[in-house]
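Before any comments, here is the structure.
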Amino acid sequence: MVADHTAYSRWNDEYVDRDPRDLLAEVYQRYGHEVTLASSFGAEDVVLIDMACQVNPSPEVFCLDTGLLFDETYQLIERIQSRYSLRFQAYRPRQTVAEQAKEFGEALWLRDPNRCCALRKLEPLLRALDGKTAWISGIRREQAPTRKNAQLVEWDQSHQLIKVNPLAYWTDQMVWDYIRDHALDYNPLHDQSYPSIGCVPCTRPVKPGESARAGRWAGFDKTECGLHEDEG
Ligand code: SF4
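Whatever position you read off the sequence shown (first residue = 1), add 41 for this note's numbering.
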């Protein structure tokens, strides 16, 4: 389906003060099976999955399984799949971690994390988005300076499709209030000073006073894996 720019850009005004479920319902109604929801199973993602399941009996959800996720994340993925009726798909890199080490050397993430993310996240993302008209993400303006201009609905220039960020204006407090009010399951690492959770080698707990994403790629001038590079 060719995206109707006038329709979705209007949604930014129409839905700015409304419940994110209203926007999700509109997006699913208009684009149906051509919509997919990206999930790393962080706090925002468990909220979005819960909301999506309220307006769609079986939403498509995908994750980028780099093969380097925390055990806690893999266990949460299992539990979420048991709880909800999802059309779930994990997209994995072309190479296993061992195959990548053989071609590029051990621990590529320590020497060239951009290359590693390109191989283990960005290429699988292209496959996940292939044939879609819109994708849904859990990014919020408050998360990082690179996300401060995120819109509810925007054109993803890199992937040439509509990107929907239903929680763009939500605060941390709103996310956690929703999780508690709806008794949602979430990654236990969030209770151990991991506000943002990615691959094991590139994620550490944050210290008091640090930003939510300070624990990602610590020591590198890198704050995003490239999935959301149009923000900023
Ligand atoms: S987050 Fe780290 S380990 Fe994961 S794909 Fe990116 S560089 Fe590699």
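Glycine included, C-beta positions come from ideal geometry on N, C-alpha and C.
Residue i versus the options, residue with shortest Cα-Cα distance
i    : options               : result
A185 : P246, A255, R168, M92 : A255
R168 : G250, Q116, C104      : C104
H74  : D86, L149, D60, I177  : I177
T179 : R59, S81, D63         : Note that residue 179 corresponds to Gly in the displayed sequence, not to Thr. When only C-alpha atoms are compared, the closest one is S81.
V76  : K204, C243, E251      : K204
H269 : A159, A84, H231       : A159
H231 : D213, D222, V194      : D213
Contacts around residue i, its chain only, beta-carbon distance under 6 Å, and the 5 residues preceding and following it disregarded
i    : result
P229 : E113
F129 : V102, Q122
V241 : L109, F111
S126 : S99
R120 : D226
Own chain residues within Cβ distance below 7 Å of residue i, not counting five before or after
i    : result
R51  : none
R182 : R188, K189, A191, A209, Y210
8 Å CB neighbourhood of residue i in its chain, flanking five on each side removed
i    : result
R152 : G146
T244 : F111, Y235, S237, I238, G256, R257
L193 : W52, N53, Y56, V57, L64, V205, N206, P207, A209, Y210
Beta-ladder partner(s) of residue i, from DSSP
i    : result
Q201 : BP columns for Q201 are empty, so no partner.
V102 : L78, F129
C240 : L110
request  = Closer than 6 Å is what we want: which residues have a beta carbon that near any heavy atom of ligand 1? List them in chain order.
outcome  = T107, L109, W150, P154, C157, C158, R161, K162, G239, C240, P242, C243, C266
message = Would you call the segment 69–84 in contact with the segment 94–110, where contact means no fewer than 3 C-beta pairs closer than 8 Å?
response = yes
ask   = Any chance the segment 189–205 sits against the segment 219–229, with 3 or more Cβ pairs inside 8 Å?
value = no
inquiry  = Could you check whether the segment 204–223 touches the segment 74–92, counting it as contact only if at least three pairs of C-beta atoms, one from each stretch, sit closer than 8 Å?
reply    = yes
query = Between the segment 133–145 and the segment 172–188, are three or more C-beta pairs nearer than 8 Å?
reply = no
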